[in-house]
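Have a look at the structure below before the remarks.
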Amino acid sequence: MTVSEVRKRYLEFFKKRGHTIIPSAPIVPGNDPTTLFTSSGMQPLVPYLLGKDHPEGNRLTNSQMSFRAGDIEEVGDNRHTTFFEMLGNWSLGDYFKKEQLPWIFEFLTDPAQGLGFDPAKLYVTVFDGDESAGMELDTESVEIWKQLFKEKGIGAELVRLGTEEEGYEKGSQGGRIFAYGSKKNWWSRSGVPSNMPAGEPGGPDSEIFYDFGTPHDPKWGANCHVNCDCGRFVEICNSVFMQYVKDPDSSFSELPKKNVDFGGGLERLTATTLQESDVFLIDVFDSARNVLEAKTGKRYGSDEQVTRSFRIILDHIRAASFMLAESVVPSNTEAGYVLRRLIRRSIREADRLGVTETLLPEVAASFSEVYAEQYPHILEAADKIREELQKEEEKFRKTLSQGLREFEKLLSKHEVSPDDAFILFTSYGFPVEMTEELAKERGITLDMNAVATKMKEHQDTSRAGGAQRFAGGLADHSEQTVRYHTSHHILLKALQIVLGDEVKQRGSNITAERLRIDFSHGAKMTDEQKAKVEEIANEVIYQDLPVTRTVMPRTEAEKLGAQMEFGVKYPDMVSVYSVGPIHATEENPDIPNAFSLEFCGGPHVKNTSEIHEGGKRFKIQKEEAVAAGVRRIKAVLV
Ligand SMILES: [Zn+2]
Ligand SMILES: [Zn+2]
19 MTVSEVRKRY LEFFKKRGHT IIPSAPIVPG NDPTTLFTSS GMQPLVPYLL GKDHPEGNRL
79 TNSQMSFRAG DIEEVGDNRH TTFFEMLGNW SLGDYFKKEQ LPWIFEFLTD PAQGLGFDPA
139 KLYVTVFDGD ESAGMELDTE SVEIWKQLFK EKGIGAELVR LGTEEEGYEK GSQGGRIFAY
199 GSKKNWWSRS GVPSNMPAGE PGGPDSEIFY DFGTPHDPKW GANCHVNCDC GRFVEICNSV
259 FMQYVKDPDS SFSELPKKNV DFGGGLERLT ATTLQESDVF LIDVFDSARN VLEAKTGKRY
319 GSDEQVTRSF RIILDHIRAA SFMLAESVVP SNTEAGYVLR RLIRRSIREA DRLGVTETLL
379 PEVAASFSEV YAEQYPHILE AADKIREELQ KEEEKFRKTL SQGLREFEKL LSKHEVSPDD
439 AFILFTSYGF PVEMTEELAK ERGITLDMNA VATKMKEHQD TSRAGGAQRF AGGLADHSEQ
499 TVRYHTSHHI LLKALQIVLG DEVKQRGSNI TAERLRIDFS HGAKMTDEQK AKVEEIANEV
559 IYQDLPVTRT VMPRTEAEKL GAQMEFGVKY PDMVSVYSVG PIHATEENPD IPNAFSLEFC
619 GGPHVKNTSE IHEGGKRFKI QKEEAVAAGV RRIKAVLV
């Protein structure tokens, strides 16, 4: 099957079972100051899983564009990608295990409505309990699985493994249902039960693995098992059951409203329908792979290193295309930095494949076409994506040749040392492998272990920074951040009043220290324009206007002129925030409307008086260009 076919079948399957199909949130969440990327289908739904009412009801399904920056270094094998789509279905206090597990089993095995997998190839895991938390084996899931396999005439023995390590030793032979402890089969935002603060929900999960039947490679251990790295078993999906809440005395109670969160990798599921464990062989990569084969004269699969380089370019340029389509531009900070890394890593792999001319724009063009139907914004942005990649590739190729010159300069003074290799990398982005190659040509042996140690130290520090950013999850809804969020809405409207209605938001980032907005506008703002914008914003803030959330049909919100986020498809019912009361209606469009109206999930202040508390005033700190036709403002409340 194709990716589109699998996506369509899944959404239809759950629609038939009472679910509303909701659109994908952007991969760069504009309204969430605490995280750079959307990394799962669950992430945008966390407020609803924690109890907020969802405007589309309590059975939801979608295919969510997702990006995991932490997986960049893993890309190159047959299954890791940074960008992927996650199929998801959710029950918000509605159905639970006895519906979810049979449905997903039916979807995977039914050839007419689902994917038609051979049930004998499926293996599942369940939660084995956690003694320290007073939790027992998830017998409810075990019984459901036994019954489901029995109906297919398949014996399903339960093997209790407890820890991951025990699982590694015992192997998978003879079992069908594997019970693992809380490190493996427990979900909460803080990890295992003992790490959870009082009041936090969590619960067991149940994964499904597909057995590709490839021979086990003993380099990964004596016995094969579902979590073995040899690639024989591939995890295709997971159902999380939010069942418990932690009490102040550290025991657990059943939640009154239990949720289901299901996630399945669209690409992996598609590859599985083709009996392929290699996700890079699914249709969405076909034309980009052909471009690479034509440009390099090398064949995918012909040699391990070539295949690895192909995979890195395919994954990274697909991810880069989706980011560029959401107006992220290569830079040295935040999402722009990750984008730059993706592009530069791809260029190094292109070099390794022997391509020295510009390659990436053409690879990206194939993705814009492949995804045009599901994600029209990527086709709309096709020209911009190509231009940005062209610019960045040219720039980096210049950097590489500059690094080469520096290398020669160093060499004329002394032998190249591990320190030099490290400096060439950090200051010029010059790959260490390239320094090693070049050194070899001059008969110099570089101590690569010393280089590796230096590199690792460097990586650990940058990872620690990354981990900190993600550790907060969706938690930073501090008062100051919320004030900046509401000010952000007011600023956008003020910009439209001063510069014209064509001004649209192209990106945003809000912290407790400041707000930042990227918006479409062709020219540098004059001092008078900036002063006018500040004046309007302060006037509105000091009018002490109420800020209200209304759930309304999308069509009505559109007619009222509510601002949308670029590149986002909205559901039929939307959440709209207004600064000042909404007066205008479809029948009476002439009555003055709220000052600002935006499609937004919040949170916001209740009244703009909260923004000026203590006599604070809105001030533009900086106005600058970030890309052709896109300006950026940083503003503060002082
Ligand atoms: Zn194995
Ligand atoms: Zn907002």
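Numbered by this note's numbering, the letters in the sequence shown go through residues 19 to 656 in order.
The beta-carbon is built from N, C-alpha and C at its ideal position, and this holds for glycine as well.
All of these numbers come straight from a predicted model, not from anything done at the bench.
- Distances from the alpha-carbon of Asp-112 to those of Arg-250, Leu-67 and Ala-382 put Leu-67 closest.
- For Arg-649, the enclosing beta strand (DSSP E) starts and ends at 648-655.
- When the Cα atoms are used, Ala-368 and Ile-535 turn out to be separated by approximately 35 Å.
- A distance criterion of 7 Å places the beta-carbon of Arg-250 in contact range of ligand 1, judged by its closest non-hydrogen atom.
- Within 7 Å of the C-beta of Asp-95 there is not a single heavy atom belonging to ligand 1.
- According to DSSP, residue pairing for Tyr-141 in a beta bridge involves Phe-227.
- Around the CB of Thr-453, 16 or more other CB atoms lie within 10 Å, so the residue is classed as buried.
- Set against 7 Å, the gap from the CB of Trp-163 to the closest heavy atom of ligand 1 is not smaller.
- Tyr-355: member of the alpha helix (DSSP H) spanning 352-370, first to last residue.
- Uninterrupted beta strand (DSSP E) stretches at least 3 residues long and entirely within the segment 562-587 occur at 565-571, given in chain order.
- For Lys-202, the number of other beta carbons within 10 angstroms of its own is at least 16, and it is reported as buried.
- At a Cβ-Cβ threshold of 8 Å, Asp-148 and Pro-211 count as neighbours.
- In this structure, Arg-77 sits near His-37, with a CB-CB distance shorter than 8 Å.
- For Ala-343, the enclosing alpha helix (DSSP H) stretches over residues 322-343.
- Sequence-distant Cβ neighbours of Arg-404 in its own chain, meaning closer than 7 Å and more than five residues away, are Pro-379, Ala-382 and Ala-383.
- The closest heavy atom of ligand 1 lies less than 7 Å from the beta carbon of Asp-235.
- At a cut-off of 7 Å, the beta-carbon of His-507 counts as near ligand 2: some heavy atom of the ligand is closer than that.
- The DSSP-derived three-state label of Gly-88 is helix.
- Assigned with DSSP and collapsed to three states, Arg-97 falls in coil, not helix or strand.
- In the DSSP annotation of this structure, the continuous segment of the alpha helix (DSSP H) that includes Ser-386 starts and ends at 378-388.
- Taking the Cβ of Cys-246 as the reference point, at least one heavy atom of ligand 1 falls within a distance shorter than 7 Å.
- In this structure, His-395 has its beta carbon at no less than 7 Å from each heavy atom of ligand 2.
- Residues of the same chain with a CB within less than 6 Å of the CB of Ala-289, apart from the 5 flanking positions on each side, are Val-297 and Ile-300 in chain order.
- According to the DSSP secondary-structure assignment, Tyr-262 is paired through a beta bridge with Gly-220 and Glu-272.
- Note that the C-beta distance between Arg-194 and Glu-169 is not below 8 Å.
- Put simply, the backbone Cα of Asp-136 is about 25 Å away from that of Trp-108.
- The beta carbon of Glu-642 is closer than 6 Å to those of Arg-650 in its chain, skipping five residues each way along the sequence.
- At a threshold of 7 Å, Glu-616 counts as near ligand 2, since its beta carbon sits closer than that to one of the ligand's heavy atoms.
- Contact annotation: Ala-580 and Gly-598 have beta-carbon atoms that are not nearer than 8 Å.
- In this structure His-395 is not in contact with Arg-363, their Cβ atoms being roughly 25 Å apart against a cut-off of 8 Å.
- A distance below 8 Å between beta-carbons, with the five flanking residues on each side excluded, links Ala-468 to the following residues of its chain, in chain order: Pro-436.
- With distances taken between CA atoms, Asp-128 lies nearest to Tyr-28 out of Tyr-28, Gly-619, Val-21 and Ser-269.
- The residue among Val-160, Phe-227, Arg-286 and Val-356 with its C-alpha nearest the C-alpha of Met-341 is Val-356.
- Phe-125 places its beta carbon 8 Å or farther from that of Phe-85.
- Taking a C-beta distance under 8 Å as the contact criterion, Arg-501 and Leu-615 do not qualify as a contact pair.
- If you draw a straight line from the Cα of Ala-151 to the Cα of Asn-213, it is about 10 Å long.
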